[in-house]
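Asks: Adding 15 to a residue's 1-based position in the sequence shown gives its number in our numbering.
This is the structure I want to talk about, given as structure tokens.
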Amino acid sequence: IAAKTLGDIGDTRATEPLCQLVTKDKSSVVRHHAAVALGGIGDPLAAAALVQAMKDKDAKVRKAAEKALKKIKVSEVTPEGSSEEASYV
């Protein structure tokens, strides 16, 4: 599938289209592969879409989104899904 190839390549230009797929595609198979690909790319800009995908009705999509988020180097993901550095006082 094309999404897997994009994840293997790791090109961040694919982040936005994959974010659209992971959150809006009708097929759970496509959403799953998009989540896996986003994890392969590792772009922090995908965090918000992956957080949303963790609420997907399909368990495989939720699990793939969770794994993808673990691969992305984001210090903290806020409830809104934006990434920001955690600060401690």
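Even glycine gets a Cβ: it sits at the ideal position worked out from N, Cα and C.
Keep in mind that this is a model prediction, so the values were computed, not measured.
What are the start and end residues of each continuous alpha helix (DSSP H) run of 4 or more residues lying completely inside the region 24-82, in chain order?
Replies: Correct list: 30-39, 43-56, 62-68.
Asks: Can you list, in chain order, the residues of its chain with a C-beta nearer than 8 angstroms to that of Arg77? Leave out the 5 residues immediately preceding and following it.
Replies: Within the sequence shown, the letter at position 62 stands for residue 77. Excluding positions up to five away in sequence, the list reads Ala68, Met69, Lys70, Asp71.
Asks: Pull up the distance between the alpha-carbon of Thr38 and that of Glu81, whole angstroms please.
Replies: Your numbering for residue 38 matches position 23 in the sequence shown. Your numbering for residue 81 matches position 66 in the sequence shown. For Thr38 and Glu81, the distance between alpha carbons rounds to 14 angstroms.
Asks: Classify Lys86 as helix, strand or coil using the three-state DSSP reduction.
Replies: In the sequence shown, the residue the question calls residue 86 occupies position 71. Lys86: helix per DSSP, three-state reduction.
Asks: To which residues of the same chain is Ala61 closer than 6 angstroms at the C-beta, ignoring the five residues directly before and after it?
Replies: Position 46 of the sequence shown, counted from the first residue, corresponds to residue 61. Excluding positions up to five away in sequence, the list reads Thr30, Cys34, Leu53.
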